[in-house]
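Below: one structure, written as structure tokens.
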Amino acid sequence: MTETPTPRCDPGFVKLHVPDLEAAIGWFEAVFGWSHGQVLDLADFRQVALSAPGNPFDVILRCWKDGKPRDIGNGWGPLGVRTDNLEAVLGRALDRGAAVVKEPTSAGAVTFSIVQTPDGHEIELIQQGT
Amino acid sequence: MSDAATSLQVRPSFVKLTVADAEETEKFYAHVFGLVRDSANDLPGFLEIILKSPDNGLGLVLMSYKKSLPLDPGNSWGPLGFDTNDLDALTDRAVTAGATVTMGPGKFEGTRYVFLKSPDGHQIELLQRGDG
């Protein structure tokens, strides 16, 4: 009679695959100010988790050692990132080699803009209110 | 003096997946992972359903184009990871709902893991850390 209880389940991370781990860590640190944990270095890959202060969801950067070409595909992204200062974050992203996919646009109380990182991942910046 | 990078608030808010049919895929993520619909945008070109985790507020946005287009998950994104207290039960739910196990279950440094492919072909990683 008893129904199996739903297991606890929290979204914990998304992985982004990058060709140069140190360069990508530098980018996310400089643009978003996220701190990173220890680099995990295994036979097939190197990876590191980046976290925003107090945020439970990590972005994990992973660099495969197989040297295979990376294909960005069309099934994932963007990664949405909320900020209290879109203009400042966008400025930093562009300074660090990101490309604008969508210029800042206001929709009601929200302003958003989409950029592509130097590794090709799309990131949507969102600012609520002004 | 202060580093501007640390004074701004910048945090991950959502991950967007492009899928064949957002309403179909919503059933998978709602049933298996307990994500709840927050809102939806039905526009001429695409349908977008915004799901949220009731636990930590992270958004999962499912987007399907009205004109069907071949989906290519590529190899530069994913998996999307979920932490759970019952890896086996969650894996069963996912498989019953149409996911396939691509690796595991296994254990690495005290954490149990399994890799799944969703019905749309997105990679999902389940983790059960330590005792719970």
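Chains as they are written, first to last, in numbering that gives the first Met the number 0: chain A, 0 to 129; chain B, 0 to 131. Glycine included, every Cβ here is placed at the ideal spot set by N, Cα and C.
How about A/T5 and B/G33: are their beta carbons less than 7 Å apart? In the first sequence, residue 5 of chain A corresponds to position 6, counting from 1. In the second sequence, residue 33 of chain B corresponds to position 34, counting from 1. A contact, by the Cβ cut-off of 7 Å.
Just to make sure I have the definition right: I need the residues of chain B whose C-beta is within less than 7 Å of the C-beta of A/F12. Which are they? Position 13 of the first sequence, counted from the first residue, corresponds to residue 12 of chain A. Chain B residues near A/F12: G80.
Around the Cβ of B/T24, are there at least 16 other Cβ atoms within 10 angstroms (buried) or fewer (exposed)? Taking the first residue of the second sequence as 1, we reach residue 24 of chain B at position 25. The residue is buried, with at least 16 neighbouring Cβ atoms inside 10 Å.
Any contact of the segment 64 to 71 of chain A with the segment 39 to 50 of chain B, i.e. 3+ C-beta pairs under 8 Å? no
Could you check whether the Cβ of A/L39 sits closer than 7 Å to any Cβ belonging to chain B? Sequence index remark: in the first sequence, residue 39 of chain A carries index 40 (1-based). No, its Cβ sits nowhere closer than 7 Å to a Cβ of chain B.
Burial state of A/V109, where buried means 16 or more other Cβ atoms lie within 10 Å: The sequence position of residue 109 of chain A within the first sequence is 110, counting from 1. The residue is exposed, with fewer than 16 neighbouring Cβ atoms inside 10 Å.
Delimiting residues of the beta strand (DSSP E) encompassing A/V88: As a first step, residue 88 of chain A must be located in the first sequence, where it is residue number 89. Membership of A/V88 in any beta strand (DSSP E) is not indicated; the residue belongs instead to the alpha helix (DSSP H) covering 85 to 94.
Chain B beta carbons: is any one of them nearer than 7 Å to that of A/T82? Taking the first residue of the first sequence as 1, we reach residue 82 of chain A at position 83. At least one CB of chain B lies nearer than 7 Å to the CB of A/T82.
Where DSSP assigns a beta bridge to B/P11, which residues make up the other side? Counting from 1 along the second sequence, the entry for residue 11 of chain B is found at position 12. For B/P11, which the question treats as bridged, DSSP gives the partners A/V80.
Please confirm whether A/I71 and B/S75 have their CB atoms less than 7 Å apart. The count along the first sequence starts at 1 and reaches residue 71 of chain A at position 72. The count along the second sequence starts at 1 and reaches residue 75 of chain B at position 76. Their beta carbons are under 7 Å apart, which means A/I71 touches B/S75 by this criterion.
Skipping 5 residues on each side, what residues in its chain have a beta carbon closer than 8 Å to that of B/F13? Your numbering for residue 13 of chain B matches position 14 in the second sequence. Hits under 8 Å: I49, L57, G58, L59, V60.
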